[in-house]
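Colleague: Counted the way the numbering used here counts, the sequence shown spans residues 549 to 1084. First the structure, which I've put down as structure tokens, then a few questions once you've had a look.
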Amino acid sequence: MRPVKIANIAQIARSARGARGGRRLALVLVGAAALVLGGLAPTGAGVAAAHDRDDARALLVCNGSTTPCPRTDGRTHVYRTVQAAVDAAHRGDWVLIWPGVYHEKATADAGVLITTPGIHLRGLDRNRVVVDGSDGTVAHPCPSAPALQDRTGRSGIVVSKADDVSVENLTVCNYLSGANGDGGNEIWWNGGDGSGSIGLHRYRGAYLTATSGYGSADASAPMAQYGIFASNATGPAVIAHTYASNMGDSDYYVGACRNICGVTLTDAHGQNSALGFSGTNSGGYTIRDSEFDHNRTGIAPNSLNNDDAPPPQDGSCVRAPQASCTFIEHNFIHDNNNPNAPVSGLAPVIGVGVEISGGHNDTVRDNRIERQGSWGVVLHDFPDSETPPSASHCQGGVQQPGVCLFLAYGNVVTDNAFSHVGFFGNPTNADVANESQTAPRNCFAGNRVIGGGALTSDPALIQSAAVDGTPCGAGAGAGDSGLLFGELVCAAGFGQCPVPGASYPQRTGLDLAPIRPQSTMPHPCAGLPENPFCGR
């Protein structure tokens, strides 16, 4: 689930729950008050392919909605819906989709529901194969008009407890949450939402677009919630060459997999959402060579005592718990200052590049972070006062009366380059900031300002040995648990700001990013079984 967005802790954590898609507490802080075919390293693809059959088939889908269906030999069946082909597929089969607009609504919960392990869903053109959850027309997919939206509360393509499934080279849009908060996940690998256990292994996604042409400035209204989503799932897994935007919660989400998530997110672009990336109670993943911009917050690993059990957010290695196996590296993170991005529920902190909320042993290194109004990177403890489900009982946290306190410690922030950060001009706004005073301390080293100049930080001189510099892993932190904590509350814009004179941007309307063409898979027919859609 998504982290709590802030205000009065007791008030938020108890009131912001709802069902999945909107039942995620809204992030963050705050607290208290190639794939084989795309040329990518085959981390997940190779594992999945090992289970494929030698006699795999290509099941063809075409509805002729935008492009005439190709002629076949009369013996090859062509399915009219994606779901019909998925239902007919066996392990190792390919479901190949001809360009068109597919208004898929297979079940009350999913547009396309995949429960068969080892099948591969692929569009022939990323921009022209559109799986659309709206009630709109094929001439104008992903519409913005309120009257054309389906508010059933349905997710788009859902892979449910099925190992070794790939989804590639298509667009999914306008699957919205319902009145009770269910649904709104455009593409979802679901290993058992709320179960507290792993129910899905090995997956991959590539050349995917997850977006919505519809949104609302009303934070309680149905809207698209999550773009590309994996929960209760473990790898090896790869999500590559993807784009997500206009989500009320986050463009990308990985959760409920503690420190065994095993997924690499690469060449991702997340923009114009509440959060670019949210990772609740997750670790053992890598986010690299990606871009996050024009969200409220860029990247937000976080701990919550909720149904994305078991907590906490744990970046450590399984076999070396003192080391980090969670990496946020080589990314371009910029301009995440958008007060008018879609938001479902409580708003996240605004103006942050990377925010680690109650997480530990994460590594944030060699990123370029520019034009962040509040903080480039900020780390803080998180007190969660929600009533947890049975699977969560403050594992990894400190149980206090009415509150589970998750501590941020052992994180390393190193060799990042900053430019024009902290321009909101409030106390503590800086390139880097640390609120936590826990041992082993969060460590800051080698960070610099592009073009020269002094790195700004809270506390001051954060990279010195006397504050939170090297040697890493030594002693308690020297974080600012007073003023910085208050500023985080102010930056969430919920409730009364406890810092006199602090000022952060407020919502004035709704901004939606336009849906633009993205790079399609270069050779979508490569390696497939012989079929009429791909020629001989």
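We put the CB at the ideal spot given by N, CA and C, even for glycine. Just so it is clear, the structure is predicted and the values come from calculations on it, not from any experiment.
(1) State the DSSP-derived secondary structure class of Ala-1022, mapped to helix, strand or coil.
(2) Among Arg-639, Thr-700, Gly-924, whose alpha-carbon lies nearest the alpha-carbon of Phe-972?
(3) Do you know offhand how far Arg-623's Cα is from Pro-1080's?
(4) For Pro-1019 and Ala-978, what's the separation of their Cα atoms in angstroms?
(5) Taking only three categories from DSSP, how would you classify Gly-827?
(6) Identify the residues that DSSP records as bridge partners of Val-678: which are they?
(7) Is Asn-820 closer than 8 Å to Asn-843 when the C-beta atoms are compared?
(8) Could you give the uninterrupted runs of the beta strand (DSSP E) lying entirely in the region 693-778, keeping only those of 3 residues or more?
(9) Give the DSSP-derived three-state secondary structure of Glu-1035 in the structure shown.
(10) Measuring alpha carbon to alpha carbon, tell me which of Gly-945, Arg-913, Tyr-650, Ala-772 ends up nearest Gly-893.
(11) Which complete beta strand (DSSP E) runs does the region 792-817 hold, if anything under 3 residues is left out?
(12) Within the same chain, show all residues whose beta-carbon is closer than 6 Å to that of Thr-759, passing over the 5 residues directly before and after it, in chain order.
(13) Would you say the region 1051-1063 touches the region 883-902, given that touching needs at least three Cβ pairs under 8 Å?
(14) Taking its Cβ as the centre, do 16 or more other Cβ atoms sit within 10 Å of His-749, making it buried, or is it exposed?
(15) Could you name the residues that DSSP lists as bridge partners for Ala-1013?
(16) Could you give the distance in angstroms between the alpha-carbon of Gly-1083 and the alpha-carbon of Leu-669?
(17) Report yes or no: do the region 733-740 and the region 708-715 share at least 3 C-beta pairs separated by less than 8 Å?
(18) CA-CA distance, Leu-953 and Ser-905?
(19) Can you tell me the Cα-Cα spacing of Ser-830 and Asp-766, whole angstroms?
(20) Take the Cβ of Ser-1005 as the centre, count every other Cβ of all protein chains shown within 10 Å, and call the residue buried at 16 or more, exposed below.
(21) Taking just the CA atoms, how far does Ser-940 sit from Ala-596?
(22) Taking the continuous beta strand (DSSP E) assigned at Val-961, which residues delimit it?
(23) Just to check my reading of the structure: Val-866 and Ile-917 have Cβ atoms closer than 8 Å, yes? What is that Cβ distance to the nearest angstrom?
(24) If you draw a straight line from the C-alpha of Leu-696 to the C-alpha of Arg-628, how long is it?
(25) Identify whether Ile-557 lies in helix, strand or coil by the three-state DSSP scheme.
(26) Check for me: the beta strand (DSSP E) holding Asp-910 runs from which residue to which?
(27) Between which two residues does the beta strand (DSSP E) harbouring Asp-932 extend?
(28) Looking only at C-alpha atoms, which of His-789, Gly-827, Phe-825 sits nearest to Asp-815?
(29) Can you round the beta-carbon distance between Ile-746 and Ala-781 to whole angstroms, since I take them to be within the 8 Å contact cut?
(30) Where do the N-terminal and C-terminal ends of the beta strand (DSSP E) with Ala-965 fall, by residue?
(31) Based on the DSSP secondary-structure assignment, which residues constitute the bridge partners of Asp-1006?
(32) Please state whether DSSP places Val-900 in a helix, a strand or coil.
(33) Taking the beta carbon of Asp-641 as the centre, do at least 16 other beta carbons fall within 10 Å, making it buried, or is it exposed?
(34) By the three-class DSSP mapping on this structure, what secondary structure does Gln-948 have?
(35) Quick check: the Cα distance between Val-1077 and Ala-769, rounded to an integer number of angstroms?
(36) Just how far apart, CA to CA, sit Trp-1091 and Asp-683?
Modeller: Well, looking at it:
(1) Mapped onto the sequence shown, residue 1022 falls at position 474. Coil.
(2) Numbered from its first residue, the sequence shown carries residue 972 at position 424. Selected option, being the one with the closest Cα: Gly-924.
(3) Counting from 1 along the sequence shown, the entry for residue 623 is found at position 75. Counting from 1 along the sequence shown, the entry for residue 1080 is found at position 532. Going by the C-alpha atoms only, they are around 11 Å apart.
(4) Residue 1019 sits at position 471 when you count from the first residue of the sequence shown. Residue 978 sits at position 430 when you count from the first residue of the sequence shown. Rounded to whole angstroms, Pro-1019 to Ala-978 spans 22 Å at the Cα level.
(5) Locating residue 827 in the sequence shown gives position 279, counting from the first residue. It is a strand residue.
(6) Counting from 1 along the sequence shown, the entry for residue 678 is found at position 130. Answer is Val-649, Thr-719, bridged to Val-678.
(7) On the sequence shown, position 295 is the one that residue 843 refers to. On the sequence shown, position 272 is the one that residue 820 refers to. Their beta carbons are under 8 Å apart, which means Asn-843 touches Asn-820 by this criterion.
(8) 703-708, 713-721, 733-738, 748-759
(9) Here the question's residue 1035 lines up with position 487 in the sequence shown. DSSP places Glu-1035 in helix when its eight states are reduced to three.
(10) Position 345 of the sequence shown holds residue 893. Gly-893 has its Cα closest to that of Ala-772, out of Gly-945, Arg-913, Tyr-650, Ala-772.
(11) 798-803
(12) Translated into positions along the sequence shown, residue 759 becomes position 211. Cβ neighbours of Thr-759 beyond the five flanking positions: Cys-721, Ser-793, Asn-794, Ile-1063.
(13) yes
(14) As a working note, residue 749 is residue 201 in the sequence shown. His-749 comes out buried.
(15) Against the sequence shown, residue 1013 aligns to sequence position 465. In the DSSP output, where bridge partners are listed per residue, Ala-1013 has none listed.
(16) The sequence position of residue 1083 within the sequence shown is 535, counting from 1. The sequence position of residue 669 within the sequence shown is 121, counting from 1. Cα to Cα, the separation comes out at about 19 Å.
(17) yes
(18) Indexing the sequence shown from 1 puts residue 953 at position 405. Indexing the sequence shown from 1 puts residue 905 at position 357. Whole-angstrom Cα-Cα distance: 11 Å.
(19) On the sequence shown, residue 830 is found 282 positions in, with the first residue counted as 1. On the sequence shown, residue 766 is found 218 positions in, with the first residue counted as 1. Each residue's Cα considered, the two are about 29 Å apart.
(20) The residue you call residue 1005 lines up with position 457 of the sequence shown. Buried.
(21) Counting from 1 along the sequence shown, the entry for residue 596 is found at position 48. Counting from 1 along the sequence shown, the entry for residue 940 is found at position 392. Low confidence applies to Ala-596: its pLDDT is 49, below 50, so where it sits in the model is not reliable enough to give any reading.
(22) Residue numbering aside, residue 961 sits at position 413 when the sequence shown is read from its first letter. Element bounds for Val-961: 960-962.
(23) Residue mapping note: residue 866 aligns to position 318 of the sequence shown, counting from 1. Residue mapping note: residue 917 aligns to position 369 of the sequence shown, counting from 1. Not a contact, Cβ separation roughly 29 Å.
(24) Residue numbering aside, residue 696 sits at position 148 when the sequence shown is read from its first letter. Residue numbering aside, residue 628 sits at position 80 when the sequence shown is read from its first letter. Cα to Cα, Leu-696 sits roughly 22 Å from Arg-628.
(25) Within the sequence shown, numbered from 1, the residue matching residue 557 stands at position 9. Only weak support is given to the placement of Ile-557: the predicted model assigns it a pLDDT of 29, under 50, and the question is left unresolved by the model.
(26) Working through the sequence shown from its first residue, we reach residue 910 at position 362. Here the beta strand (DSSP E) through Asp-910 covers 910-913.
(27) Locating residue 932 in the sequence shown gives position 384, counting from the first residue. Counting along the chain, the beta strand (DSSP E) containing Asp-932 begins and ends at 930-932.
(28) The residue given as residue 815 occupies position 267 in the sequence shown. Of the listed residues, the one whose Cα sits closest to Asp-815 is His-789.
(29) Mapped onto the sequence shown, residue 746 falls at position 198. Mapped onto the sequence shown, residue 781 falls at position 233. Confirmed, Cβ separation roughly 7 Å.
(30) Here residue 965 refers to the residue found at position 417 of the sequence shown. Here the beta strand (DSSP E) through Ala-965 covers 965-967.
(31) In the sequence shown, the residue the question calls residue 1006 occupies position 458. Answer is Ala-981, bridged to Asp-1006.
(32) For this step, residue 900 is matched to residue 352 along the sequence shown. Val-900: strand per DSSP, three-state reduction.
(33) On the sequence shown, residue 641 is found 93 positions in, with the first residue counted as 1. Looking at its Cβ environment, which holds 16 or more other Cβ atoms inside 10 Å, Asp-641 is buried.
(34) The residue you call residue 948 lines up with position 400 of the sequence shown. Strand at Gln-948.
(35) By one-based count along the sequence shown, residue 1077 stands at place 529. By one-based count along the sequence shown, residue 769 stands at place 221. A small correction: the amino acid at residue 1077 is Pro; Val does not occupy that position in the sequence shown. Distance between the alpha carbons of Pro-1077 and Ala-769: 44 Å.
(36) As shown, the chain starts at 549 and ends at 1084. That puts residue 1091 outside it, with no answer to give.
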